[in-house]
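A.B. asks:
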């Protein structure tokens, strides 16, 4: 069993403190859900664990079985078993999905995977995820629909077999059928040697992939932890009741009901 | 000299070996009428060629140095050796190539490549072609593939008919210089209706310090024929600079197609000043696939003159400028006739302080009605020290044609790097992957063996600290 331990984590973006002391212990075999209104630090937490350079850890620690994660480069974190399924996967023109996937798999193997085995593994997973069979030859995420990008993240998770998968709004941009495919894939990974941290706004994902632990992240802090009953309560009552407990909440930015793909582009543009 | 100021770096160990001087004859340093006469005499050329050389020399001496592009004022024409004969004989048997030269080309993998996928191969060492061979089946089709001196000797009529017609000696200072002292290069004539499946290849090697190479290539693709010609260039690194001023003339006749692929990987002390131009007749098609990785300074703009209706020109070019390098390249498309079309795709990369420029021209003349051109030039700058300029010129002299132009300049984005690294790729691997993806529109045009070699060349030094 492995443990990912986060202690008193403070994270800045530029001058602004986004995470204000996060404590979280995740053991393999567990599925954690992180809920909370937009703009309160959920995505920041996942990106900071993976080591995105935009997020500066000002204090606190992250350890994986006593190894200091914060001193590792991003690629080292990947190779020790962390994985981030991103909200806005990057497009890399000119690089085929299969070249990329093979390189990523080889990055953690002593001996490169044989071409035959790679193709067999890839084809099997593409089929299971109900993806475009031409996917291997398309350029990485370029021209992918929102749903295809998310499924491609899941495909990578399945091929790389991380111990700790961090999934950032993996369900956005998915229609109902795709959501089932993706949740089946996550469930198929569940084992004593796999843990998952999911961020999502929708109860639907958590219904399909039942979390063992649920946390509410508000204004850079985890204000409440519990089991699945928290998901149900938030689904029914929203976050108002948390305010009533005297917890200050950051104002949610107004969200417009537009299709998710263009939304993704807009938001990633705004982030720059 | 320009490069004395720099500690000339080399990161290209595979090609960076030099052999002992094997020349059996070379002219003294510097350029004069005597030297030009001597070269012509050694080659046993007809009188008209000697006159041509002398007229070119005069033109070269009169023309001022071009000042519109890269600063060339540090070049010293008196310091170069203009002719160097490495061997007495040219041979079509690999075993007969002198041992030292053979070793050189063996190290470069030339004979292997020939056996694997070429229809014919030619290897030039310093000023002369030392090895030349061609498949029987290609010979049987009537294809002439010779070193250019033999071409002049054996096919004087074809030679004279086309020589100097695409690039006249007085086109520019360096075409004039080439006209005066040209030596070596390829002569190809493809008779009507011949399609070659495999490419023909030449390989050029400069081995001596301060040696200047002036190969001259003349390719005529007759009606309805289709060929692919591949050229590679290397030189070892010396502390003194060398000069390469080649001239490539291509005639694409009606309905014919020619693809010319070249990757120059000259060492970083070579001035590479090359004039390449094709004249394309009715419904013919010319494709330049042009890679510029080496040299100290490159100025090279493969050109298509689309002379008759329906002619098509394409240029796919990449330029990679590292540390002291200045690569000034691009393409020119001159539309003289109706319904002609052209496309330029340029991908430039600068890193470690290199400077890479795109310089191009698209010109639609008065008669070029319904002409279409598309120019796409993208630049990737890998660090703060490196620079790039884009200098496109688009001219439309009629009211009924279209030029599209797109240009981008970008850096390797933090988010792209993070994405790839979060999957376990090191920063160097991730950068390399992004760069390879960037030039993919070029590398997909290469024969497989070349694409692999190109990858090897570019993999050199994506150091951990060079990015970001």
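Chains as they are written, first to last, in my numbering: chain L, 316 to 587; chain W, 3 to 470. Yeah, the Cβ is synthetic: ideal placement off N, Cα and C, and Gly gets one too.
How long is the line joining the alpha carbons of residue 338 of chain W and residue 226 of chain W, rounded to whole angstroms?
C.D. replies: Their Cα atoms are separated by approximately 21 Å.
A.B. asks: Is the beta carbon of residue 1 of chain W less than 9 Å from the beta carbon of residue 33 of chain W?
C.D. replies: For chain W, the structure presents residues 3 to 470; residue 1 of chain W sits outside this window and is missing.
A.B. asks: Which residue spans inside the stretch 174 to 234 of chain W form an unbroken beta strand (DSSP E) run of at least 3?
C.D. replies: Runs found: 188 to 192, 202 to 207 and 218 to 223.
A.B. asks: If you run the structure through DSSP and keep just helix, strand and coil, what is residue 367 of chain L?
C.D. replies: DSSP places residue 367 of chain L in coil when its eight states are reduced to three.
A.B. asks: Could you tell me the distance, in whole angstroms, from the CA atom of residue 350 of chain L to the CA atom of residue 436 of chain W?
C.D. replies: So the two alpha carbons sit approximately 35 Å from each other.
A.B. asks: If I follow the unbroken alpha helix (DSSP H) through residue 398 of chain L, where does it start and stop?
C.D. replies: Counting along the chain, residue 398 of chain L falls outside any alpha helix (DSSP H), though it belongs to the beta strand (DSSP E) covering 397 to 400.
A.B. asks: Please report how far the alpha carbon of residue 322 of chain W lies from the alpha carbon of residue 274 of chain W, in whole angstroms.
C.D. replies: So the two alpha carbons sit approximately 14 Å from each other.
A.B. asks: State buried or exposed for residue 452 of chain L, treating a residue as buried only when at least 16 other CB atoms are found within 10 Å of its CB.
C.D. replies: Counting Cβ neighbours within 10 Å, residue 452 of chain L comes out exposed, since fewer than 16 surround it.
A.B. asks: Name the residues in the stretch 357 to 386 of chain L whose C-beta lies less than 9 Å from a C-beta of chain W; which are they?
C.D. replies: Correct list: 362, 365, 366, 367, 368 and 369.
A.B. asks: Check this for me: beta carbons of residue 270 of chain W and residue 319 of chain W, under 9 Å apart or not?
C.D. replies: Cβ distance not < 9 Å, so residue 270 of chain W and residue 319 of chain W don't count as in contact.
A.B. asks: Could you work out which residues of chain W lie near residue 409 of chain L, taking near to mean beta carbons separated by less than 8 Å?
C.D. replies: Neighbours of residue 409 of chain L on chain W, chain order: 438, 439, 440, 441, 442 and 443.
A.B. asks: Taking only the alpha-carbon atoms, compute the straight-line gap between residue 505 of chain L and residue 327 of chain L and give it to the nearest angstrom.
C.D. replies: Computed Cα separation, rounded: 33 Å.
A.B. asks: The alpha helix (DSSP H) spanning residue 342 of chain W covers which residue range?
C.D. replies: Here residue 342 of chain W belongs to no alpha helix (DSSP H), and DSSP marks it neither H nor E.
A.B. asks: Classify residue 549 of chain L as helix, strand or coil using the three-state DSSP reduction.
C.D. replies: Helix.
A.B. asks: Taking the C-alpha atoms as reference points, what is the distance between residue 385 of chain W and residue 458 of chain W?
C.D. replies: Taking the straight line joining both Cα atoms gives about 21 Å.
A.B. asks: Hey, which unbroken runs of the beta strand (DSSP E) at 3 residues or more fall wholly within the stretch 497 to 566 of chain L?
C.D. replies: Entirely contained in the stretch 497 to 566 of chain L, the beta strand (DSSP E) runs reaching 3 residues are, in chain order, 510 to 514, 528 to 533 and 536 to 541.
A.B. asks: If you draw a straight line from the alpha carbon of residue 324 of chain L to that of residue 267 of chain W, how long is it in whole angstroms?
C.D. replies: Rounded to the nearest angstrom, the two C-alpha atoms are 51 Å apart.
A.B. asks: Tell me, to the nearest whole angstrom, how far the beta carbon of residue 557 of chain L is from that of residue 524 of chain L; I am working on the premise that it is less than 8 Å.
C.D. replies: Contact flag wrong, Cβ pair sits at about 23 Å.
A.B. asks: According to DSSP, is residue 453 of chain W helix, strand or coil?
C.D. replies: Of the three classes helix, strand and coil, the one that applies to residue 453 of chain W here is helix, per DSSP.
A.B. asks: Pick helix, strand or coil for residue 50 of chain W, following the three-state DSSP scheme.
C.D. replies: Residue 50 of chain W: helix per DSSP, three-state reduction.
A.B. asks: First and last residue of the alpha helix (DSSP H) that includes residue 394 of chain L?
C.D. replies: That run of the alpha helix (DSSP H) goes 389 to 394.
A.B. asks: Scan the stretch 502 to 529 of chain L for residues whose Cβ lies nearer than 7 Å to a Cβ of chain W and list them as they occur along the chain.
C.D. replies: Listed by position, the residues of the stretch 502 to 529 of chain L near chain W (Cβ gap below 7 Å) amount to none.
A.B. asks: Let me check you understand the geometry: is the CB of residue 41 of chain W closer than 8 Å to at least one non-hydrogen atom of the ligand NAD?
C.D. replies: For the structure depicted, the ligand NAD is absent and the ligand set is empty, with no information on it obtainable.
A.B. asks: Do residue 296 of chain W and residue 272 of chain W come within 9 Å of each other at the CB atom, strictly closer than that value?
C.D. replies: Yes, the Cβ-Cβ distance between residue 272 of chain W and residue 296 of chain W is below 9 Å.
A.B. asks: Please classify residue 381 of chain W: is it buried, with 16 or more other beta-carbons within 10 angstroms of its beta-carbon, or exposed?
C.D. replies: Under this definition residue 381 of chain W is a buried residue.
A.B. asks: Quick check on DSSP: helix, strand or coil for residue 458 of chain W?
C.D. replies: Helix at residue 458 of chain W.
A.B. asks: Under the assumption that residue 542 of chain L contacts residue 531 of chain L (Cβ atoms under 8 Å), give the Cβ distance between them as a whole number of angstroms.
C.D. replies: No, residue 542 of chain L and residue 531 of chain L are not in contact; Cβ-Cβ is about 12 Å, not under 8 Å.
A.B. asks: Using the Cα positions of residue 539 of chain L and residue 418 of chain L, report the straight-line distance between them to the nearest angstrom.
C.D. replies: Rounded to the nearest angstrom, the two C-alpha atoms are 40 Å apart.
A.B. asks: Any beta carbon from chain W within less than 9 Å of residue 399 of chain L's own beta carbon?
C.D. replies: By this cut-off, residue 399 of chain L is an interface position.
A.B. asks: Can you name the residues that DSSP bridges to residue 318 of chain L?
C.D. replies: Its beta-bridge partners are L:342.
A.B. asks: How about residue 270 of chain W: is its C-beta nearer than 9 Å to some C-beta of chain L?
C.D. replies: No, residue 270 of chain W does not count as interfacial toward chain L.
A.B. asks: Please name the residue or residues paired with residue 265 of chain W in a DSSP beta bridge.
C.D. replies: Residue 265 of chain W pairs with W:234 and W:293.
A.B. asks: Pull up the distance between the alpha-carbon of residue 75 of chain W and that of residue 299 of chain W, whole angstroms please.
C.D. replies: Spanning the two alpha carbons is a distance of roughly 12 Å.
A.B. asks: For residue 409 of chain L versus residue 441 of chain W, is the C-beta spacing smaller than 9 Å?
C.D. replies: In this structure, residue 441 of chain W lies closer than 9 Å to residue 409 of chain L by Cβ.
A.B. asks: If you measure from the beta carbon of residue 388 of chain L to each beta carbon in chain W, is any gap under 9 Å?
C.D. replies: So, interface residue.
A.B. asks: Going by beta-carbon coordinates alone, are residue 291 of chain W and residue 447 of chain W separated by less than 9 Å?
C.D. replies: Contact: yes.
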